[in-house]
């Protein structure tokens, strides 16, 4: 008489899943943005049946890689959004630098995410899934900042999507340029990205009737605006 099958520990299952994601990222880093499931299984020291016990299909694994990358980008840049102690331009510069560091740490992973041929289980390009997720999270961060200083945040979804979309687009340009001799350095990418983002946010603020100096901390600009309103 056989006893009941041992139940797989949820913690072990999560560890196995994370280990496969780690292996896939290592493989993409080393060999380029077009990994095969056979190669990923081999890098993970697993069989393909074991791999498919952790992921429903290739799209499920690819979506997990995109989610890991999105989480890492978000966790890297959000602490840099200190608009109260830094000027808005400085805060954006720090955030774009943190993002650029993440890209340079795993350029082939970002090529894998951005090239468009890989899709999630929903059939959407991984780049679009990543943009949507990151934009939603950054929108929440921006909304908290705006509400702290009593600014209208009703249309922040538009500017968040525009900002993330712009950075993703110039990331693709940056990575594509790396295939030629004319490669813009990290400093040039950060300078261009920060200026582009500030232009988007400045335009959005002006539509709200608010003029903010990008070279002074936000609380100082808001104090001037509040003082002018009270004195009028």
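In the numbering used here, the protein residues as written are -1 to 230. Here a beta-carbon is modelled for each residue, glycine too, at the ideal position from N, C-alpha and C.
| Asked | Found |
| --- | --- |
| When burial is assigned at 16 or more other CB atoms within 10 Å of the CB, is residue 109 buried or exposed? | buried |
| Quick check on DSSP: helix, strand or coil for residue 123? | strand |
| Cβ of residue 18 within 8 angstroms of Cβ of residue 44? | yes |
| Using the Cβ count rule (16 or more neighbours within 10 Å means buried), how would you classify residue 212? | buried |
| What residue range does the alpha helix (DSSP H) around residue 212 cover? | Here residue 212 belongs to no alpha helix (DSSP H), and DSSP marks it neither H nor E. |
| Note down the Cα distance separating residue 154 from residue 167, rounded to an integer number of angstroms. | 20 angstroms |
| Quick check on the burial criterion: 16 or more other C-beta atoms within 10 angstroms. Buried or exposed for residue 47? | exposed |
| Looking at residue 186: is its Cβ nearer than 8 angstroms to the Cβ of residue 158? | no |
| For the region 200 to 219 and the region 144 to 151, state whether three or more C-beta atom pairs, one from each stretch, are separated by less than 8 angstroms. | yes |
| If distances are taken between C-alpha atoms only, which option among 52, 145, 72 comes closest to residue 128? | 72 |
| Between the alpha carbons of residue 137 and residue 97, how many angstroms are there, rounded? | 17 angstroms |
| Are there three or more Cβ pairs, one per stretch, closer than 8 angstroms when the region 103 to 123 is compared with the region 28 to 45? | yes |
| Should the region 121 to 135 be regarded as contacting the region 50 to 69, the criterion being three or more beta carbon pairs within less than 8 angstroms? | yes |
| By DSSP's criteria, residue 232 is part of a beta bridge. Which residues make up the other side? | Past the edges of the chain, shown from -1 to 230, lies residue 232, and the structure says nothing about it. |
| With DSSP run on the structure shown, which of helix, strand or coil describes residue 38? | helix |
| Check whether the Cβ atoms of residue 124 and residue 60 sit closer than 8 angstroms, and answer yes or no. | yes |
| To the nearest angstrom, how far is the alpha carbon of residue 217 from that of residue 175? | 39 angstroms |
| Between which two residues does the alpha helix (DSSP H) carrying residue 92 extend? | 86 to 103 |
| In whole angstroms, what separates the C-alpha of residue 84 from that of residue 197? | 17 angstroms |
| Evaluate residue 77 with the Cβ neighbour count: other Cβ atoms within 10 Å of its Cβ, from every protein chain shown; 16 or more gives buried, anything less gives exposed. | exposed |
| Identify, in the order they occur along the chain, each residue of the same chain with its Cβ nearer than 8 angstroms to the Cβ of residue 37, setting aside the five sequence neighbours on each side. | 25, 29 |
| Could you check whether residue 53 and residue 42 sit closer than 8 angstroms to each other, using their CB atoms as the reference points? | no |
| Out of 190, 192, 122, 193, which one is the CA nearest neighbour of residue 58? | 122 |
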